[in-house]
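Worksheet: one structure, shown below.
Protein chains: 2
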Amino acid sequence: MNLANFFKPQKIAIIGASNNPSKIGRQILDNIIASHFRGKIFPINIKEKKIAGFKAYASLDDLKKQSLSKCLIIVAIPAPFVALEIERGAKLGAKNFIIISAGFKEAGSEGQKREEEIRAIAEKYKLNILGPNCLGFINNVNNFNASFSETTNTSGRLALVSQSGAIGSAVLDWLKEYNLGLAYFISLGNKAVLNENDFLQYLEKDKNVDAVVFYLEDILQGQEFVRTASQVAQKKPIIILLSGLSQAGEKLAFSHTGALAKESKVVEAALKRAGVIQIKHLNDLFNIILLLKNKAFYQTLSSKVSLITNAGGLAVLTADAIEKAGLELADNQDLLGDAQAQDYYQALSLKLKKKIKQNILVLLTPQTNTQPLQVAQAIVKVAASHSQSTIMATFVGGKTVSTAKRFLLENDIPVFSYPEQAINSLALVVKNQQARKGLQTFSKPIKKKKINYISKDYVALLKALKKYNFSVVPTWYYSSSNKINKFPIALKVVGPDFIHKTDKGGIILNIKNQNDLKKAVQKLKKDHSKYLKNKENKIVLQNQKMGDLELILGIKRDKNFGHVLLFGLGGIYAEALEETQLVLADLNRKSALKALKASHFFPIINGLRGKEFNIYALADALVNLCNLVAAHPEIKELDINPLLLTEKEAIVLDARVLTD
Amino acid sequence: MNLANFFKPQKIAIIGASNNPSKIGRQILDNIIASHFRGKIFPINIKEKKIAGFKAYASLDDLKKQSLSKCLIIVAIPAPFVALEIERGAKLGAKNFIIISAGFKEAGSEGQKREEEIRAIAEKYKLNILGPNCLGFINNVNNFNASFSETTNTSGRLALVSQSGAIGSAVLDWLKEYNLGLAYFISLGNKAVLNENDFLQYLEKDKNVDAVVFYLEDILQGQEFVRTASQVAQKKPIIILLSGLSQAGEKLAFSHTGALAKESKVVEAALKRAGVIQIKHLNDLFNIILLLKNKAFYQTLSSKVSLITNAGGLAVLTADAIEKAGLELADNQDLLGDAQAQDYYQALSLKLKKKIKQNILVLLTPQTNTQPLQVAQAIVKVAASHSQSTIMATFVGGKTVSTAKRFLLENDIPVFSYPEQAINSLALVVKNQQARKGLQTFSKPIKKKKINYISKDYVALLKALKKYNFSVVPTWYYSSSNKINKFPIALKVVGPDFIHKTDKGGIILNIKNQNDLKKAVQKLKKDHSKYLKNKENKIVLQNQKMGDLELILGIKRDKNFGHVLLFGLGGIYAEALEETQLVLADLNRKSALKALKASHFFPIINGLRGKEFNIYALADALVNLCNLVAAHPEIKELDINPLLLTEKEAIVLDARVLTD
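Written as structure tokens, this is what we have:
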């Protein structure tokens, strides 16, 4: 979608503009005027002749003589009348709309219908529509406030895209307190037409935007979003606070905006794949905005942090936070409790003289004769001439430090109330830089040629896996005429009644000769005579492989993000400890190895106490699984459990599939 | 120690009082005067005749005619002169001192010597000494500020005890901003004589104190502290922020105050046993002070939380936080973006009318025509007549909400900037209430009678374990004349060179008959001929027990907290996943079961997929281990690995011990 005319229109029509200052349509008009919009403005109101000094029009139809292709139409009238006006505008050639009005998807089934109607009109006429149920947007790059959030005329280099108007308002209010600004504020609302994807694509190319910050309650078109985000993230940091990841939260999100159900672990895997910074607390949203407002944090950052402090205890707490966050304490300079601004200035200057590129956190608590404001001024002074280093501050206290904190904020030094906030924000940025290094654009897996048919039949499924390059233990159905060349043998009953074979006594191991086999078959037939009457339950033989490491490998198709791979320790540990890892199914050998190395059980896979496992074989198994589902999108679920990992190979011992 | 005269002296002498207002001795004097101390004040200064209107004395010796037993002597002179003055005071009968001066343990070896000298004097004369290197204390209960922190004369019902003066100052500064107060502020400094234990004992009995909040960098006399804290916690919540738990932090803490090294997992186990709220972020220290200032939070609280909001998105985020914190969302009432104060008032009143006892969190972001201050007033009004419920608030934003937040704070409603802060603080209190229910006072294990000698010899050690009621698999040294009645047998080489038997090929399993045994012995003798020349390496035989669940059980003696038990999954998982649980070694069957149930692998122990294990036998094994170390304090480390858990029993298969 081309959003150039949406964000930089030459004309604006406001349906619902009014002479009543309490009306939202009027507030928006006032904001447009206050933000110095230079194009034509058409207030639309059936009753008025003039609004705020502009000629008012009774209807969009009165604008017939105007070309509306570069006109943004803002709709702030009751929901039942919205669709009509959109279509009216579309017929006049308008392409860009904001629907401020509520009363759509969030308001029950009737609203849902209205929203579908809007979507249909948009499709028919190829319209860009923001909302409904949103605050509009602010484009500070072009001095244009098309929202009913008060104009501040303070610009910045971050874009904030919020699905919730209220969260957006809160951030704007907080920014206003410190006279901080954004490049763009976009209130998504119900996302009937334009969504996070469209804006991410637009913001990717805007040179006035250094980073994009999202508050979302759901992600639409998951795979497409991962593709876009993983591409944008190669250039700019993307930060996402996604709510509704708990069961309770999801339920509320649905009633709030009708947000899609989501599996939190899948979403996390997707966002990780996209190379975005996923934050989990509202506090972090504010903290990371502070950090990324400052240009210095876009340079490649080290994971070491130096401290300068007037409080030893505070440095100790900060050191704890540094280690916990996976960063490293470089050094700490304790200026002691009576440190003056001059001491901070000298310490900071000297440190930066010795080393030009560092992360420095300046700590302060108010003690005897502490001069917080002067210290803040010293920091700002030093920072001004040392742009290669990142300088943050944490001033703990109340009244005594608040003016100093304000001064730092106004001078673009990220300052926090507690050391953990500074450290955790820095850690998010540092780790994200590492994750973005070598980040590849996600591509929805290209459908590959099927090599084999995927069958639910046990032996056939194992054979198919072999065709897709898996090592599979030799397995065949029992028949009395079987000739066995190699013992030991394992016997299993497979089929619909034997999903959990072990629990059901459906496995006999360690069969060492023909005689044992005969006995074992008799035992299984006797024990499970009832089930074996069902021809779908069958006895299979396998060359027995034991010992080594049992893993679980699986795939699941998520309706939003496509196929997702999971892997972890096998057996009871997998189920009880719930420690499987999830990754999107677009792995190659390199990214598969990376995923394995990042898993918390890598020490086991990597060979403990000298036991060596072939992790390359395991990585290949992951890749094989990706290839398999690319050829077989009909697979809903597939479990390989156990996958036996040995010194030499990763062998499938058992598998189960669920297809469309 | 009796601290009554320390906290409520009838006289005060200030060594280092001065007419120079920049001197700390003078600042303290001013604070004492400003806080309306009603007893006698003796400034001590060799040069002055009069200080701040009081007669000045050249030396403590000039007070000979005064009884000094109820005099608090405050010392604020250079470190080298301190010991002399303390002894001078002690000889005159003084018992209570504060050493403000720095230059002791924190200042290198000479300072360390000075501190030991002070400690020796204190022991000789049985003195109460706070510090050195501290700010003093503030006793707002009796209007007495014996510190150089500015007096606010605002009282509260919490006590804050801080090892770091700077952190203490920061909290005081923050409290001052909102005109909030404490009952006591105690700056511990170097803890040469009086430490956290002494003050906890004193505060336990003070009816003006509802809860005790600590910032500590180490805990001295660990077992004694756990005893005191577990006793106090039965009556009052104790909150501890302990820093220096990371390696980096510990190193800094040592250089800062010479804090003891500590193992973070052991400390956490100890604090858990003590029933205290361990917080890990400085932010939480401030948050929990807000919560516990309000009497309502001392009632037995439910783990359900109700929300009232004007912002759906904020409620979704809060619901996520609630679930993550282990609490439960009761319900959410969305008043929508245009909610007025009256709407909040009615919703809150109605909710409390329906149910008298609830946890309610009121959420607000500034939106169209939002009235934050009026909403705050509504909350305060409703809260005033509903003391059985807890009411918290989260107002997100900047300028627009700050006056409202101040109003809430001044009216004792805990208000936070972000929902996670409110929820996490509440969760800490709720969980602590549960942990304190039925909390028993920790007692340093009473030395029990030795039943058996603990030997490093493998077979002897297993026999000893049997004497202490463990089930132990029959085990004996190999001899060619052995007669085996029961197969299968396991063969092991044990001894100093076979700590990790499996890795070294020192184990042969599945020996099914006399012939196999002979071959296996030959193999071991051949493979390990070199090691077996050392007579301490020996071959043992065991009746083979296999399958089921392998656990690890161990004990370690911590120099601060005594014996600590650890248990977890056995084998490679224990080592690679590092998931062992730690508890102090004073378990009975009930607390042992509780510890097992709280472990994250309880689903496995508790029997997965219908597999039953005897968890009572496992609990008994934990108790046996406690009894064992009570009888054998000489045990430094003992590992039982594996302990085999079956349907019937918990059997020791292997053990290793390290004694003094």
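So the protein lines, in turn, are chains A and B. All you need for our numbering is the position in the first sequence, starting with 1, plus 14. All you need for our numbering is the position in the second sequence, starting with 1, plus 14. For glycine and all other residues, C-beta sits at the position ideal for the given N, C-alpha and C.
Three-state secondary structure assigned by DSSP to residue i
{"i": "Arg670 of chain B", "result": "strand"}
{"i": "Gly170 of chain B", "result": "strand"}
{"i": "Ser363 of chain A", "result": "helix"}
{"i": "Asn142 of chain B", "result": "strand"}
{"i": "Gln126 of chain A", "result": "helix"}
{"i": "Ala57 of chain A", "result": "The question names Ala, but residue 57 of chain A in the sequence shown is Pro. Pro57 of chain A falls in the strand class under three-state DSSP."}
{"i": "Ser543 of chain A", "result": "helix"}
{"i": "Tyr492 of chain B", "result": "coil"}
{"i": "Val443 of chain A", "result": "helix"}
{"i": "Ala288 of chain A", "result": "helix"}
{"i": "Ser485 of chain A", "result": "strand"}
{"i": "Tyr630 of chain A", "result": "helix"}
{"i": "Lys573 of chain A", "result": "coil"}
{"i": "Phe95 of chain A", "result": "helix"}
{"i": "Ala225 of chain A", "result": "strand"}
{"i": "Asp348 of chain A", "result": "strand"}
{"i": "Thr332 of chain B", "result": "helix"}
{"i": "Thr242 of chain B", "result": "helix"}
Exposed unless 16 or more other CB atoms sit within 10 angstroms - verdict on residue i
{"i": "Lys365 of chain B", "result": "buried"}
{"i": "Ile178 of chain A", "result": "Correcting the residue type first, residue 178 of chain A is Ser in the shown sequence and not Ile. With 16 or more Cβ atoms within 10 Å of its Cβ, Ser178 of chain A is classed as buried."}
{"i": "Asp345 of chain B", "result": "exposed"}
{"i": "Pro94 of chain A", "result": "exposed"}
{"i": "Ala407 of chain A", "result": "buried"}
{"i": "Arg603 of chain B", "result": "exposed"}
{"i": "Lys119 of chain B", "result": "buried"}
{"i": "Leu523 of chain B", "result": "exposed"}
{"i": "Asn153 of chain B", "result": "buried"}
{"i": "Asn373 of chain A", "result": "buried"}
{"i": "Lys250 of chain B", "result": "buried"}
{"i": "Gln536 of chain B", "result": "exposed"}
Nearest to residue i (by Cα), restricted to the options the options
{"i": "Ala644 of chain B", "options": "B:Ile233, B:Val155 and B:Arg571", "result": "B:Arg571"}
{"i": "Leu563 of chain A", "options": "A:Asn527, A:Ser260 and A:Ile618", "result": "A:Ile618"}
{"i": "Cys148 of chain A", "options": "A:Leu208, A:Leu306, A:Ala108 and A:Asp187", "result": "A:Leu208"}
{"i": "His50 of chain A", "options": "A:Ser178, A:Gln24 and A:Ser73", "result": "A:Gln24"}
{"i": "Ile460 of chain A", "options": "A:Pro647, A:Phe68, A:Leu17 and A:Leu106", "result": "A:Pro647"}
{"i": "Ala675 of chain B", "options": "B:Leu565, B:Asp334 and B:Ser32", "result": "It is not possible to answer for residue 675 of chain B, since the shown part of chain B is limited to 15 through 674."}
{"i": "Ser7 of chain A", "options": "A:Lys190, A:Gly520, A:Ala397 and A:Gln528", "result": "Limits of chain A in this structure are 15 at one end and 674 at the other, which puts residue 7 of chain A out of reach."}
{"i": "Asp674 of chain A", "options": "A:Lys477, A:Pro656 and A:Leu652", "result": "A:Leu652"}
{"i": "Asn301 of chain B", "options": "B:Phe430, B:Glu218, B:Tyr472 and B:Lys265", "result": "B:Phe430"}
{"i": "Leu296 of chain A", "options": "B:Thr332, B:Lys250 and B:Ile38", "result": "B:Thr332"}
{"i": "Leu362 of chain B", "options": "B:Tyr71, B:Gly103 and B:Ala392", "result": "B:Ala392"}
{"i": "Ala184 of chain B", "options": "A:Asn446, A:Asp298 and A:Tyr432", "result": "A:Tyr432"}
{"i": "Tyr192 of chain A", "options": "A:Ile427, A:Tyr630, A:Leu583 and A:Ile465", "result": "A:Ile427"}
{"i": "Lys497 of chain A", "options": "A:Thr455, A:Lys413, A:Val508 and A:Lys532", "result": "A:Lys532"}
Anticipated Cβ contact below 8 angstroms, residue i with residue j, distance rounded
{"i": "Leu14 of chain A", "j": "Leu377 of chain A", "result": "With chain A represented from 15 up to 674, any question about residue 14 of chain A goes unanswered, as that position is not in the structure."}
{"i": "Ile143 of chain A", "j": "Ile132 of chain A", "result": "7 angstroms"}
{"i": "Phe199 of chain A", "j": "Ser161 of chain A", "result": "7 angstroms"}
{"i": "Thr379 of chain A", "j": "Val410 of chain A", "result": "5 angstroms"}
{"i": "Ser163 of chain A", "j": "Leu186 of chain A", "result": "5 angstroms"}
{"i": "Ala66 of chain A", "j": "Leu82 of chain A", "result": "That belief does not hold up - the Cβ atoms of Ala66 of chain A and Leu82 of chain A are roughly 21 angstroms apart, past 8 angstroms."}
Check: residue i C-beta below 7 angstroms from any heavy atom of the ligand GDP
{"i": "Asp562 of chain B", "result": "What this structure holds is no ligand at all, so the ligand GDP is not there to describe."}
*asked:* Report the start-end ranges of each beta strand (DSSP E) in the region 182-219 of chain B that is 3 residues or longer and not cut off at the edges.
replied: Listed in chain order, the complete beta strand (DSSP E) runs (minimum 3 residues) inside the region 182-219 of chain B are 196-201.
*Going along the chain, which unbroken runs of the beta strand (DSSP E) with 3 or more residues stay wholly within the region 383-434 of chain B?*
DSSP runs (the beta strand (DSSP E)) wholly in the region 383-434 of chain B: 404-409.
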